[in-house]
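Colleague: The structure is given below, and queries will be raised subsequently.
Set out below in structure tokens:
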């Protein structure tokens, strides 16, 4: 039989613990923040996200001490009061562990000096946040098993055999998801491309809108959004460029061998006159890579090199650097001045290549611009009477 004075003292101490646990914990964290907060900014996160749960943990521990030392109930697991208090302690511990994910995630982000306001780090921050959340979830599961099933014979079986079987089933059933996530981690941290990059995946081309853990959002040049599972990037070859590459329209016309040289002259002259109206202004500020790629590609075509699949973005080489004599003959043939936004060249025998950096401000989409350019070329071919077909570059 417990003495009445013990019950009274225990009740008074419990009331004091309830009302003082949160203010005391808040004062301790504020003192730590005032003294060392500049070097340890995570203390502010602890005070913001975990203060309530820490105060309840402190209150539960005080109740256990009161029950053991004042009421002398003992701390054995068979005692109903002690067991209830331990179960009560489990609630703030689990909730506090879940809140701990924000503190740890912010600590990692600050340590790596990632800017939350920049979209370049969105994917990386997402990966870190989700990874910390997963680890906290695993820790919560362990805490629940330890608190509620530590004395249960079924706990060992559930913790080992059942969880291992569930993990194996999850790995087998979610192989595609794991593949997408693994590829997503590669895309996020290695950064073969990033938000705003121009990417071609087989026949699908567009701008990278967002790279997430499981999928990548691609915005086509007509405005449509395409959601691509990241695992596809591991299976299918893709080429990457920049925004200026998306403005380049080029095609090769294979002229019939019976066409006379006069008609070829006339075709090149007329196309050189028509194409500039669709090209962007000469003084348009282009990026160095796109300008270099365009000039290099045109110079190589002027030298009648075979078609290739060389990507844009190599070293700078001007049209007049090594091919002055040939370009002089070409300009004499076409009657055109050298331009960095369009080109009409006799690429090879009976092969006329047209290259245009489209003025996107005039057209709703790149498809509309290509349609107008192709229609103008068809009209020129019909007007001159030249038989030609489009070939691969």
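Residue numbers (the working numbering): 96 to 488. The beta-carbon is built from N, C-alpha and C at its ideal position, and this holds for glycine as well.
1. Can you tell me whether residue 310 is helix, strand or coil according to DSSP?
2. Taking the Cβ atom as the reference point for each residue, do residue 325 and residue 273 lie within a distance shorter than 8 Å?
3. What is the DSSP secondary structure of residue 208, reduced to helix, strand or coil?
4. My assumption, with CB atoms under 8 Å, is that residue 116 sits in contact with residue 157. Please give the rounded CB distance.
5. Could you tell me which of 302, 453, 365 sits nearest to residue 478, measuring between CA atoms?
6. So, with DSSP's three-state summary, where would you put residue 445?
7. Residues in its own chain within less than 8 Å of residue 374 by CB, not counting five upstream and five downstream?
8. In the DSSP assignment, the beta strand (DSSP E) including residue 345 goes from what residue to what residue?
9. For residue 43, which three-state DSSP category applies?
10. Check for me: the beta strand (DSSP E) holding residue 483 runs from which residue to which?
11. Put residue 376 into one of helix, strand or coil per three-state DSSP.
12. Which value, in whole angstroms, describes the spacing of the CA atoms of residue 458 and residue 464?
13. By the three-class DSSP mapping on this structure, what secondary structure does residue 127 have?
14. Looking only at its chain, what residues have a beta carbon closer than 8 Å to the beta carbon of residue 467, apart from the 5 residues adjacent to it on each side?
15. Please classify residue 348 as buried or exposed, where buried requires at least 16 neighbouring CB atoms within 10 angstroms.
16. Please determine, among 182, 151, 299, 237, the residue with the shortest C-alpha to C-alpha distance to residue 118.
17. Looking at the structure shown, is residue 145 part of a helix, part of a strand, or coil, going by DSSP?
18. What is the rounded straight-line gap between the Cα of residue 329 and the Cα of residue 278?
19. Please tell me whether residue 323 and residue 310 are closer than 8 Å, where the distance is taken between their beta carbons.
20. Can you tell me which of the three DSSP states residue 103 falls into?
21. In three-state DSSP terms, what is residue 135?
22. Can you confirm whether the region 285 to 296 touches the region 227 to 235 when touching is taken to mean that 3 or more C-beta pairs between the two stretches lie within less than 8 Å?
23. On a CA-only basis, which of 162, 144, 125 is nearest residue 107? Give me that one, please.
24. From residue 359 to residue 353, what distance separates their C-alpha atoms?
Modeller: Quick answer:
1. Strand.
2. It is not a contact, given that the beta carbons lie outside the stated cut-off.
3. Three-state DSSP puts residue 208 in coil, outside helix and strand.
4. Sure, about 7 Å apart at Cβ, within 8 Å.
5. Considering only alpha carbons, the answer is 365.
6. In the structure shown, residue 445 adopts coil according to DSSP, grouped into three states.
7. Cβ contact annotation for residue 374 (same chain, cutoff 8 Å, sequence separation greater than five): 434, 436, 437, 451, 452, 453, 454, in chain order.
8. Residues 343 to 350.
9. Because the chain is modelled from 96 through 488, residue 43 falls outside the range shown and cannot be assessed.
10. In the DSSP assignment, residue 483 falls within the unbroken beta strand (DSSP E) covering 483 to 486.
11. Note: residue 376 maps to coil in three-state DSSP.
12. Straight-line Cα distance between these residues: approximately 6 Å.
13. Residue state, collapsed to three classes: helix.
14. Answer for residue 467: 373, 458, listed in chain order.
15. Classification for residue 348: buried.
16. Ranking the options by Cα distance to residue 118, first place goes to 151.
17. It is coil, neither helix nor strand.
18. Here the C-alpha atom of residue 329 lies approximately 7 Å from the C-alpha atom of residue 278.
19. Yes, they are a contact pair.
20. DSSP places residue 103 in helix when its eight states are reduced to three.
21. DSSP places residue 135 in coil when its eight states are reduced to three.
22. A contact is defined here as three or more CB-CB pairs under 8 Å, and the region 227 to 235 fails this definition with respect to the region 285 to 296.
23. The shortest Cα separation from residue 107 among 162, 144, 125 belongs to 162.
24. Roughly 11 Å between the two C-alpha positions.
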